[in-house]
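Reviewing the structure listed below.
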Amino acid sequence: MISREVKQRLISIVGKENYDDSKAGRLVYSYDATPQFQSLPDAVIAPRNTKEVSEIVKVCNEHRIPIVPRGSGTNLCAGTCPTEGGIVLIFKHMNKILEIDEENLTVTVQPGVITLDLIKAVEAKGLFYPPDPSSMKISTIGGNINENSGGLRGLKYGVTRDYVMALEVVLANGDVIRTGGKLAKDVAGYDLTRLFVGSEGTLGIITEATLKLIPMPETKKTMLALYQDLEAAARSVSKIIANKIIPTTLEFLDQPTLEVVEAYTQIGLPTDVKAVLLIEQDGPSEVVERDMKKMAEICKEEQAVSVKVAQSEAEADALRTARRSALSALARLKPTTILEDATVPRSEIAKMVKAINEIAEKYHVKICTFGHAGDGNLHPTCPTDARDREEIERVEKAFAEIFAKAIELGGTITGEHGVGVMKAPYLEWKLGREGIAAMKAIKNALDPNNIMNPGKVFAKSTRKRVVITR
Ligand SMILES: Cc1cc2nc3c(=O)[nH]c(=O)nc-3n(C[C@H](O)[C@H](O)[C@H](O)COP(=O)(O)OP(=O)(O)OC[C@H]3O[C@@H](n4cnc5c(N)ncnc54)[C@H](O)[C@@H]3O)c2cc1C
Numbered sequence: 004m005i006s007r008e009v010k011q012r013l014i015s016i017v018g019k020e021n022y023d024d025s026k027a028g029r030l031v032y033s034y035d036a037t038p039q040f041q042s043l044p045d046a047v048i049a050p051r052n053t054k055e056v057s058e059i060v061k062v063c064n065e066h067r068i069p070i071v072p073r074g075s076g077t078n079l080c081a082g083t084c085p086t087e088g089g090i091v092l093i094f095k096h097m098n099k100i101l102e103i104d105e106e107n108l109t110v111t112v113q114p115g116v117i118t119l120d121l122i123k124a125v126e127a128k129g130l131f132y133p134p135d136p137s138s139m140k141i142s143t144i145g146g147n148i149n150e151n152s153g154g155l156r157g158l159k160y161g162v163t164r165d166y167v168m169a170l171e172v173v174l175a176n177g178d179v180i181r182t183g184g185k186l187a188k189d190v191a192g193y194d195l196t197r198l199f200v201g202s203e204g205t206l207g208i209i210t211e212a213t214l215k216l217i218p219m220p221e222t223k224k225t226m227l228a229l230y231q232d233l234e235a236a237a238r239s240v241s242k243i244i245a246n247k248i249i250p251t252t253l254e255f256l257d258q259p260t261l262e263v264v265e266a267y268t269q270i271g272l273p274t275d276v277k278a279v280l281l282i283e284q285d286g287p288s289e290v291v292e293r294d295m296k297k298m299a300e301i302c303k304e305e306q307a308v309s310v311k312v313a314q315s316e317a318e319a320d321a322l323r324t325a326r327r328s329a330l331s332a333l334a335r336l337k338p339t340t341i342l343e344d345a346t347v348p349r350s351e352i353a354k355m356v357k358a359i360n361e362i363a364e365k366y367h368v369k370i371c372t373f374g375h376a377g378d379g380n381l382h383p384t385c386p387t388d389a390r391d392r393e394e395i396e397r398v399e400k401a402f403a404e405i406f407a408k409a410i411e412l413g414g415t416i417t418g419e420h421g422v423g424v425m426k427a428p429y430l431e432w433k434l435g436r437e438g439i440a441a442m443k444a445i446k447n448a449l450d451p452n453n454i455m456n457p458g459k460v461f462a463k464s465t466r467k468r469v470v471i472t473r
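So the number in this note's numbering is just where the residue sits in the sequence shown, counting from 1, plus 3.
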């Protein structure tokens, strides 16, 4: 609860119009894109600048009020669900592109900038910001940095972490620090920039970021390989990489996913095959031609029934858009869609796909799988109904077994969606007790009063997902 006196102090910082504790306002920010989690915050605050963020944090630290920083709430790990109440901090006023530096190849932004707006702004200058999560039309840079988001171009170009050069961060005591800089080389002290990337709002609030840009690739080609055998598609992925080709994109969709994506996008995707690979390469035209030819040969050797290169940018874009809409398309099937993020070394993709299908069968649940096959990052997705507790129990068990299998194969419980509340019960499986203790020591040092996004990353005693209502 926020007392009347504290409320007045917070309003004096941001103004009445930027402080909302109405029931409707709080309800809107009580959940995010993750199914089954909901909890009301005490207030929603929209600061206008770093100074206001710092002052808000000081008040909250003094009164032990939880702070949940929030971009667009598209995370899939309940990372912005205010499980312990407190305030949700939104960045609708802090959404400016501050500078595009063409000499140093950097862009400096406020946290509320929408990812696609940034990508378009730099492309207008012939520059390239590769991280492209499928949610990029709505996700923010602040959210991308805090989840260390990946995307379709991650195989060749890496993830958000690889592009964060400098940060301005408000710490839990209200101090404002700057990490990194526009520097190709910098080894002055601990790498705090990397520490904050992927920290899910639990260590500090990012109020500014400087990101690396690269020149736009000259050309790009896209092709679709169709398979009647899931494992043959997975084998093609490993073989392409083993042939020393790193394509920009190497995405996988299984038949159930294809069917719903085609029903949703109606672009003429085949629905009578077991799997497709969406493959792209960019760069100088001779390299692109050579790689596309070699990859087509590999796919055919691995029993692809058809390999087709997109004939125009419009056709290629339709294929990319279709892949990006996989989650939205699957969400139409049932009232609840649980999407997971199991990731394995790419050499283990075939085994993981097989295991997912066997686990789905064992627990009598429908699991559609798509994902960034080239990164070993699969999204087994279960259309279900949260009201059917018996089915949900089976879904929980199936996913726990999928995570265990991913770890057994040398993988992880999340490749890009983060831990939040959703994966917290499983984090110890990946890090071990000692790993968790090291992470807790960092958290305690930077946020001794546990006000920064509490209840996230570190598990409470229960291993079960819960619906939380306050
Ligand atoms: C349809 C769909 C497709 C998706 N596709 C992908 C994909 O391809 N790849 C991928 O990686 N993810 C994907 N996601 C997940 C999600 O979009 C990403 O995690 C994204 O980065 C979240 O951005 P956001 O602005 O919505 O952040 P939010 O969900 O609002 O927040 C994410 C985390 O960042 C923290 N945070 C936000 N802003 C700040 C800040 N300024 N300072 C400190 N902490 C902050 C929050 O507390 C939270 O922990 C997808 C989600 C959906 C719904």
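No residue lacks a Cβ here, since even glycine has one placed at the ideal position from N, Cα and C.
* Label Y193 either buried or exposed according to how many other C-beta atoms from any shown protein chain fall within 10 Å of its C-beta, with 16 as the threshold for buried. => exposed
* Is E150 near N98, with beta carbons less than 8 Å apart? -> no
* Asked: CB-CB under 6 Å to R51, same chain, minus the five flanking residues each way: which ones, in chain order?
  -> H96
* Asked: Out of G28, V60 and T37, which has the shortest C-alpha to C-alpha gap to V47?
  -> G28
* **Bridge partners - P383, DSSP secondary structure assignment** => T372
* **C-alpha gap between T205 and L342, whole angstroms** => 23 Å
* Out of T225, L261, L233 and S241, point me to the one whose CA is closest to S288's CA. => T225
* Should E150 be listed as close to ligand 1, given that the test is whether its C-beta is under 7 Å from any heavy atom? -> yes
* Asked: Is the region 397-414 close to the region 349-368, with three or more CB pairs under 8 Å?
  -> yes
* Asked: From which residue to which residue does the alpha helix (DSSP H) around Q284 run?
  -> Where Q284 is concerned, there is no enclosing alpha helix (DSSP H), although the beta strand (DSSP E) it sits in stretches over A278 to G286.
* Flag F461 as yes when its Cβ comes closer than 7 Å to any non-hydrogen atom of ligand 1, and as no otherwise. => no
* At a cut of 8 Å, does the region 239-249 reach the region 287-302 through at least three beta carbon pairs? -> yes
* Asked: With C-beta atoms as the reference, is P44 less than 8 Å away from P85?
  -> yes
* Could you check which residue in R156, P338 and L119 has the C-alpha nearest to that of A389? => P338
* Asked: Rounded to a whole number of angstroms, what is the C-alpha to C-alpha distance between Y166 and L233?
  -> 34 Å
* Asked: Does DSSP put I243 in a helix, a strand or coil?
  -> helix
* Extent of the continuous alpha helix (DSSP H) to which I410 belongs -> R392 to E411
* **Own chain residues within Cβ distance below 7 Å of R466, not counting five before or after** => Low confidence applies here, because R466 scores a pLDDT of 41, under 50, leaving its location unreliable; read the following figure in that light. Only P428 meet the Cβ criterion.
* Which runs of the beta strand (DSSP E) fall wholly inside the region 200-266 and span at least 3 residues, in chain order? -> 207-215, 222-230 and 252-257
* Asked: What do you reckon, is the C-beta of F94 under 7 Å from a heavy atom of ligand 1?
  -> yes
* Inter-stretch contact at 8 Å, needing at least 3 Cβ pairs: the region 439-458 / the region 370-377 -> no
* Asked: Does DSSP put R468 in a helix, a strand or coil?
  -> Reliability fails at R468, whose pLDDT of 46 lies under 50, so the model's placement of it is uncertain and no value is given.
* **Three or more C-beta pairs below 8 Å linking the region 157-171 and the region 212-227** => yes
* **Coarse secondary structure for I16, derived from DSSP in three states** => helix
* To do: Note down the Cα distance separating V200 from T210, rounded to an integer number of angstroms.
  => 13 Å
* Asked: In terms of DSSP beta bridges, what is V91 paired with?
  -> V47 and V71
* To do: Over the uninterrupted alpha helix (DSSP H) stretch that includes A325, give me the two end residues.
  => E316 to R327
* To do: State the beta-bridge partners of G183 as determined by DSSP.
  => A169
* To do: Using alpha carbons as the reference points, say which of A307, T274 and R293 lies closest to A228.
  => A307
* Keeping to the same chain, check which residues put their C-beta closer than 8 Å to that of A124; ignore five residues upstream and five downstream. => I100, I103 and V110
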